[in-house]
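Residue numbers (the working numbering): 31 to 318. See structure below.
The structure is reproduced here in structure tokens:
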């Protein structure tokens, strides 16, 4: 009897798929970063040049470096007044967005009631509503409420426009907290508010930082709404100050760039320092 002997199969070699998309991904990311960062760098460096230098060589570097433009802006009383107005409005908007957003998201995440998902869908649809379309009726409503030329005329609408995104980001974080923690907190004597304050908020810190930074930056950079409802020059914010400065010193290109750089610097630094928290908050919202 003949027995056929077959050779032992050679061990299979696991081959990693070639990631052809990786170089393209990095190239696209670098291109997007360059397009986003280049204007900011140009504006900041342009503030260290003189207007004749900019006219002679728009893309050149300062030669020599000039500090007078920034010093001139910082010594103007209007700049600090506008910076104070922007800070008050941005902080008020941020606090209102975080507090009201947490309250609404907590109810939508931890309470069961009829129409809950419909209410959440209603907030979600708010993301599709263009805020510019509501400017005219919003102005008429604020006028009837005698809120024109006040901080509230900017803070309250900005809170309303920011709530949909805030709830969309916060709800997944609050939903992901296990029910066992809530039961244990109830056994220890903590009520709903105690559970929210002691457990939910610390666990949702990345999401809270995310919505807070987004609300602050959006409020700091807002232009159209303050332009319409803040007719008093003493209440103007920094974006309006940039417009006023540009109109007053039309030929001073370097000074305008310096004013613009200082106006956007606080929001830029705030966003940069909280970058990691923002990424974590958005990742949690996507997973949820």
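Virtual Cβ for every residue (Gly too), placed ideally from N, Cα, C.
Under the assumption that residue i contacts residue j (Cβ atoms under 8 Å), give the Cβ distance between them as a whole number of angstroms.
i           : j           : result
residue 247 : residue 301 : 5 Å
residue 134 : residue 229 : Rounded, the Cβ-Cβ distance is 18 Å, inconsistent with contact.
residue 271 : residue 108 : 6 Å
residue 112 : residue 268 : 5 Å
residue 75  : residue 92  : 7 Å
residue 249 : residue 119 : 6 Å
Would you report the Cα separation of residue i and residue j, rounded to the nearest angstrom?
i           : j           : result
residue 258 : residue 154 : 27 Å
residue 166 : residue 157 : 19 Å
residue 121 : residue 177 : 19 Å
residue 277 : residue 95  : 25 Å
residue 79  : residue 132 : 46 Å
residue 170 : residue 255 : 13 Å
residue 291 : residue 55  : 31 Å
residue 100 : residue 124 : 29 Å
residue 285 : residue 251 : 19 Å
residue 70  : residue 152 : 37 Å
residue 265 : residue 216 : 48 Å
residue 65  : residue 72  : 11 Å
residue 243 : residue 207 : 23 Å
residue 174 : residue 168 : 10 Å
residue 226 : residue 279 : 52 Å
residue 104 : residue 98  : 10 Å
residue 212 : residue 253 : 43 Å
residue 150 : residue 224 : 24 Å
residue 187 : residue 114 : 19 Å
residue 193 : residue 81  : 43 Å
residue 232 : residue 140 : 16 Å
residue 183 : residue 240 : 24 Å
residue 204 : residue 297 : 27 Å
residue 89  : residue 77  : 13 Å
residue 295 : residue 303 : 12 Å
residue 237 : residue 137 : 16 Å
residue 181 : residue 117 : 11 Å
residue 199 : residue 235 : 12 Å
Along the chain, where does the alpha helix (DSSP H) that runs through residue i open and close?
i           : result
residue 108 : 107 to 140
residue 173 : 165 to 174
residue 251 : No alpha helix (DSSP H) contains residue 251, which DSSP labels as neither H nor E.
residue 274 : 268 to 278
residue 285 : 283 to 303
residue 86  : 81 to 86
residue 100 : 98 to 104
residue 320 : Past the edges of the chain, shown from 31 to 318, lies residue 320, and the structure says nothing about it.
residue 146 : 146 to 155
With 16 other CB atoms within 10 Å as the buried threshold, where does residue i fall?
i           : result
residue 159 : exposed
residue 219 : exposed
residue 162 : exposed
residue 48  : Because the pLDDT at residue 48 is just 47, under 50, the model does not fix this residue reliably, and the value given afterwards should be weighed accordingly. Answer is exposed; the Cβ neighbour count stays below 16.
residue 273 : exposed
residue 57  : exposed
residue 126 : buried
residue 201 : buried
residue 129 : exposed
residue 275 : buried
residue 179 : exposed
residue 68  : exposed
residue 299 : exposed
residue 221 : exposed
residue 62  : exposed
residue 172 : buried
Counting only runs that start and end within the stretch 213 to 243, where is the alpha helix (DSSP H) found for 4 or more residues in a row?
Counting whole runs of 4 or more residues, the stretch 213 to 243 contains the alpha helix (DSSP H) stretches 222 to 225.
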